[in-house]
Amino acid sequence: MLRTHTCGELRIEDINKKVTLTGWVQRLRDKGSLLWIDLRDRYGITQLFLEEGKSDAALILAARQLGREFVIRATGTVSERISKNDKIATGAIEVKLEGLEVLNSSKLPPFTIEDDTDGGEDLRMKYRYLDLRRNPVRESLQLRHKVAQQTRIYMDSLNFIEVETPVLIKSTPEGARDFVVPSRIHHGEFYALPQSPQTFKQLLMVSGFDKYYQIVKCFRDEDLRADRQPEFTQIDCEMSFITQEDIFNTFEGLIRHLFKTVKGIEIPVMPRMNYAEAMKNYGSDKPDMRFEMKFVEFNDVVVGKGFQVFDQAELVVGIVATGCAGYTRKQIDELTEFVKRPQIGAKGLVWMRYEAGGALKSSVDKFYQEDDLRKIAATAQAKPGDLILILAGPADPTRKALSELRLLVGGQLGLRDKNKFSALWVVDFPLLEWNEETNRYHAMHHPFTSPKREDIPLLDTDPGKVRANAYDMVLNGTEIGGGSIRIHDRPTQQKMFTMLGFTEDEAKRQFGFLMDAFEYGAPPHGGIAFGFDRLCSLFGGADSIRDFIAFPKNNAGRDTMIDTPATISTEQLKELGIAIKG
Ligand code: ASP
């Protein structure tokens, strides 16, 4: 190599060694008689220095010509630093520069390449290759590498084999739109990019592979939302001859292994909560269990006192904000504004303070006497010093709104610490969900998920009540993985497609291959997929998955560095037999 050491390697033991380093000039400090250069590579920073009178004059001149991000090869002798820097690993030494070769010059970078940069998000995305030189971004990718490595180690230890599945496929319905790729050879025909390798991993089970996994790119053409990427990575897994319990053990094991090896954290056995319970108590199928703040229903104690809002509501439900009785009027008004936002959708917020001295004050004092308020406080098991926050309205949306309020208040109380981890399984999801727009049932998970055996009769009488053998793993209020025990026989799969509004012909055209395969000895099987980018960002304590992807798209689904999506030439369109309208 062009170097003898990396920029993160030299220590006090290396004093007097002659070394050659390569890297980028992070900074040049010219104090006249003394000149320092911070040389950076992937491994760290080493300080080089020159001294007027002692160092070679031509060398000093050459060093003064260096600019930020120049690529150099520096030779010199390691010496002990007088004023040490204990913030960096090489802070005890510096290298007395004796030879300098400029390997490449650099234009002045558009932002500073330091931990705290002056570059805005857009600029950093456009010059992502420069952003990737920064420590925090590089460290995020190193963490990602480690998570991937440890995943492979764990899966391999359990005899899983990694099998690649194709990227040019036919649609796999996972609830999003497909990205499509036109075929040049077969005009008018299209491939679809996989939303996941779902059908392929099931076919591998039919093939007898028994334990499959893959760290794999998936593509979903969904509406853009902050922090959603049109292409993302999953740890995709499938197993044969298993029960749901085996899946829980195996993959809880994976996540615990990752926590242990990547973060050095032992996480406790993951509790299980069924979907109905999660919705009733936390208003969410991915409850953040770093804190309790369970919903309390008040219908029984609040009706009949003349307060129309409560009297007419299907559900009156609230939470206790522990120790928040001292919230100012302004703070409570902010909470009210929050729940009234269109995306949250509540009409208003009722509050009750249980003051430290024992007095009760509420926003509905007009309707409720002291005694009534005591009943509310008792129902909520509130204590002096607490604040009770109550919403009312139709059950489902009201629970969802309260779930958002719970998260907001939990955050305000410091209960959502990024360094604390709480994982659980949410189980027994409904098989189907009614879609108001299309006026039919959609698969809540995907069409290959099996119904619970005892609920099968309900398929014909009350499909919305059928529970699925489906589960999610939830970490800190985020769904990090989800899967199911699959259907593995043709009649049930056909029935499922019918429930979803496919004619027999349509089902055959789209999924005939899978149903055919089910007729050749398909073993019982099931699996799960984890969102790999999200998992990495949670491990990294970051909000955004973008930092954990080397070349991500922005919020508008664009890669501004390579400038895509982009138009293609008329010739390319012609070859594909495609004309652009308008
Ligand atoms: N294919 C599913 C998904 O991407 C995961 C699974 O069912 O294994 O969500």
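With the working numbering, letter number 299 in the sequence shown gets 300, and the count goes up by one each step, no holes.
Ideal Cβ positions, reconstructed from N, Cα and C, are used throughout, including at glycine.
Counting C-beta atoms within 10 angstroms of its own C-beta, K287 has 16 or more neighbours from the protein chains shown and is therefore classed as buried. For M206, the uninterrupted alpha helix (DSSP H) run begins and ends at Q199 to V207, by DSSP.
Ranked by Cα distance from G358, the options I546, K97, I83 and P385 are led by P385. When secondary structure is reduced to three states using DSSP, F71 falls in the coil class, being assigned neither helix nor strand. Contact check between the stretch 149-165 and the stretch 203-221: three or more CB pairs, one atom from each, fall below 8 angstroms, which counts as touching. Cα atoms of E520 and L204: separation of roughly 12 angstroms, rounded to the nearest angstrom.
Contact check between the stretch 122-133 and the stretch 237-245: fewer than three CB pairs, one atom from each, fall below 8 angstroms, which does not count as touching. DSSP places M562 outside any alpha helix (DSSP H), giving it a letter other than H or E. Taking the CA atoms as reference points, D117 sits about 25 angstroms from A557. Segment contact: the stretch 359-368 against the stretch 420-436, fewer than three CB-CB distances shorter than 8 angstroms; contact not assigned.
Just measuring C-alpha positions, the residue of G327, T200, A523 and E507 sitting nearest E175 is T200. In the DSSP annotation of this structure, the continuous segment of the alpha helix (DSSP H) that includes F512 starts and ends at E505 to A518. By the neighbour-count criterion, in which 16 or more other beta carbons inside 10 Å mark a residue as buried, D473 falls on the buried side. Fewer than three pairs of CB atoms, one per stretch, sit closer than 8 angstroms, so the stretch 78-97 makes no contact with the stretch 106-114. Note that the C-beta distance between V475 and A383 is not below 7 angstroms. For C8 and G45, the gap between their C-alpha atoms comes out near 5 angstroms.
Distances from the alpha-carbon of C325 to those of G415, I563, G284 and L29 put G415 closest. With a cutoff of 7 angstroms on beta-carbon distance, L403 and V304 are scored as not near each other. Listed in chain order, the alpha helix (DSSP H) runs fully inside the stretch 20-107 are 58-65, counting runs of at least 4 residues. Contact between F260 and I248 does not hold, since their C-beta atoms are separated by about 18 angstroms, which reaches or exceeds 8 angstroms. For L131, the enclosing alpha helix (DSSP H) stretches over residues R129 to D132. Beta bridge pairing from DSSP links V475 with L425 and E480. R535 has its alpha-carbon roughly 15 angstroms from the corresponding atom of F220. Under the DSSP definition of a beta bridge, S241 partners with H526. A444 is bridged by DSSP to L433.
The C-alpha of M516 lies about 26 angstroms from the C-alpha of N440.
Taking 7 angstroms as the cut-off, the Cβ atoms of L11 and L49 do not count as close.
Between P231 and the set D132, E576 and G532, the nearest pair of CA atoms involves G532.
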